[in-house]
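Asker: Here it is: the structure, laid out below.
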């Protein structure tokens, strides 16, 4: 796999394991201490994309789906990791006591291992190495009241009373067969204010939390929302590589109009009406102020070539709002993504000849928006004065006339065309000219 060499550090990033040796901090936080503000934990599902710099380009190498569920007894964190280009999934579960955050249960399954841990007065379970086909029984005489599960670490971090200059250590448990000890310390070295810039939701004031792993020399930067404690971004420096995890904001919804997928999909699949269309632009040899004007009726149709895509959008109130929001967002250099279920209701036809013809079928009565864009060759001419000729008759000056040369040339132009059309009755055959003048 292309990104195989990133996998160990990617999994580390996914689990957000911070393993530090005990150091110079004066205190170490353990479960049960009254410093965590639980109001910041809410049942939620979100995704984070992980990027690595490869040959000078930031490329997405994996994606994490994270689900947080809590009730009056437990806090559960479920994570699914998918490497880019791979079908296999890595799945992890961490369950802790809601009142104290003492770990109760931990499991992990991926291509390289299966692990199950039970926490109590000691840690028991097993670790199965799939590559070596070796099973390691786990019986660690450590009490779960003396550490947090490393998998719950980012959520514990967000509950702390973060402020500029805050420092502390957090005891965490991270089992590996090769470890001499599985209890480590996560050291918070620095907390300061910063700004996280989202492509969707603009700017967010955040706490930038710096953590250093003394045992591995890895460094972490967490960008945690000051108001909600949402984890927006993580920057990881590990083994000479930089990884960046970014919240995909799958919960982002700027729409006020409810989207009805069943009814919208029915509009474009369950009717008997058709649209027969032709897409073209008009071109002439004029330039300057005469450009695009029909002078002497010499305008020529520039047809969309065969293979050009034509998009049909069911022009419902939801899609009208989406288009309006995008027009407003483009002024800021941004765009509003279309929800996946809405995108599934858009139809695309292909121009099937070099005269720009296309068809849509199975449409129900309603309003539709047609859109296409294509390139064509614009023919233009330019006349230049290259000199003057004086005219004399019988030695008497009669006047001066310019000498001109006309140059013909071609340029590449593009046409972006949209048009709304209404089908009034089922079975109607609508003919449309999709043209740019």
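Numbering (mature numbering (1 follows the signal peptide of the UniProt record, and there is no 0)), first residue to last: -24 to -1, 1 to 413. Just so it is clear, CB atoms sit at the ideal spot from N, CA and C, and this is done for glycine as well.
#1: Among the residues of its own chain, which have a CB less than 6 Å from the CB of residue 347, if the five just before and after it don't count?
#2: Please go through the same chain and pick out, in chain order, the residues whose beta-carbon is closer than 7 Å to the beta-carbon of residue 402, but skip the five residues on each side of it.
#3: Runs of 4 residues minimum, wholly inside the stretch 59 to 134: which ones carry the alpha helix (DSSP H) assignment?
#4: Give the C-beta separation of residue 198 and residue 210 to the nearest angstrom, bearing in mind that I take them to be a contact with Cβ-Cβ under 8 Å.
#5: Pick out whichever of 163, 179 and 202 has its Cα sitting closest to the Cα of residue 196.
#6: Is the distance from the Cβ of residue 114 to the Cβ of residue 93 below 8 Å?
#7: Tell whether a beta-carbon distance below 8 Å holds between residue 23 and residue 12.
#8: If we call anything under 8 Å between Cβ atoms a contact, is residue 321 one with residue 290?
#9: Find the nearest neighbour of residue 284 within the set 301, 315 and 324, judged by alpha-carbon distance.
#10: In this structure, how does DSSP classify residue 282 when only helix, strand and coil are distinguished?
#11: With a threshold of 8 Å on Cβ separation, who are the neighbours of residue 396 within its own chain once the five nearest residues in sequence on each side are excluded?
#12: In whole angstroms, what separates the C-alpha of residue 10 from that of residue 169?
#13: Let me check one thing: in DSSP terms, what residues is residue 154 bridge-paired to?
#14: Might you give, ordered along the chain, the residues of its own chain that have their beta carbon closer than 6 Å to the beta carbon of residue 143, omitting 5 neighbours on each side?
#15: Residue 376 to residue 360, Cα distance in whole Å?
#16: Please report the straight-line C-alpha distance between residue 129 and residue 105, rounded to a whole angstrom.
#17: When DSSP builds the beta bridges, which residues end up paired with residue 351?
#18: Could you name the residues that DSSP lists as bridge partners for residue 215?
Answerer: Let's see:
#1: Against the chain shown, residue 347 aligns to sequence position 371. Cβ-Cβ distances below 6 Å link residue 347 to 287 and 394 in the same chain, with the five nearest sequence neighbours on each side left out; the list follows chain order.
#2: As a first step, residue 402 is located in the chain shown; it is residue number 426 there, counting from the start. Excluding residues within five positions, the ones whose Cβ falls inside 7 Å are 247, 248, 249, 340 and 341.
#3: Listed in chain order, they are 129 to 134.
#4: Sequence index remark: in the chain shown, residue 198 carries index 222 (1-based). Sequence index remark: in the chain shown, residue 210 carries index 234 (1-based). Beta-carbon to beta-carbon, residue 198 and residue 210 are separated by about 6 Å, close enough to satisfy the 8 Å threshold.
#5: The residue labelled residue 196 in the question sits at position 220 within the chain shown. It is 163.
#6: Walking along the chain shown from the start, residue 114 turns up at place 138. Walking along the chain shown from the start, residue 93 turns up at place 117. Taking 8 Å as the Cβ cut-off, residue 114 and residue 93 qualify as a contacting pair.
#7: The residue labelled residue 23 in the question sits at position 47 within the chain shown. The residue labelled residue 12 in the question sits at position 36 within the chain shown. Remark: C-beta atoms of residue 23 and residue 12 do not approach each other more closely than 8 Å.
#8: As a position in the chain shown, residue 321 is number 345, starting the count at 1. As a position in the chain shown, residue 290 is number 314, starting the count at 1. With contacts defined as CB atoms closer than 8 Å, residue 321 and residue 290 qualify as a contacting pair.
#9: Here residue 284 is taken as the residue at index 308 of the chain shown, counted from 1. Closest option to residue 284, Cα to Cα, is 324.
#10: The sequence position of residue 282 within the chain shown is 306, counting from 1. In the displayed model, residue 282 falls within coil according to three-state DSSP, outside both helix and strand.
#11: As a working note, residue 396 is residue 420 in the chain shown. 291, 343, 344, 345 and 346, listed in sequence order.
#12: As a working mapping, residue 10 is identified with position 34 in the chain shown. As a working mapping, residue 169 is identified with position 193 in the chain shown. One C-alpha to the other measures close to 24 Å.
#13: Residue numbering aside, residue 154 sits at position 178 when the chain shown is read from its first letter. None; residue 154 has no bridge partner.
#14: Numbered from its first residue, the chain shown carries residue 143 at position 167. For residue 143, where only same-chain residues beyond five positions count, the Cβ hits under 6 Å are 164.
#15: Position 400 of the chain shown, counted from the start, is the residue given in the question as residue 376. Position 384 of the chain shown, counted from the start, is the residue given in the question as residue 360. When the Cα atoms are used, residue 376 and residue 360 turn out to be separated by approximately 16 Å.
#16: Working through the chain shown from its first residue, we reach residue 129 at position 153. Working through the chain shown from its first residue, we reach residue 105 at position 129. If you draw a straight line from the Cα of residue 129 to the Cα of residue 105, it is about 24 Å long.
#17: Numbered from its first residue, the chain shown carries residue 351 at position 375. The beta-bridge partner set that DSSP reports for residue 351 consists of 390.
#18: Working through the chain shown from its first residue, we reach residue 215 at position 239. The partner list for residue 215 (beta bridge, DSSP) is empty, contrary to what the question assumes.
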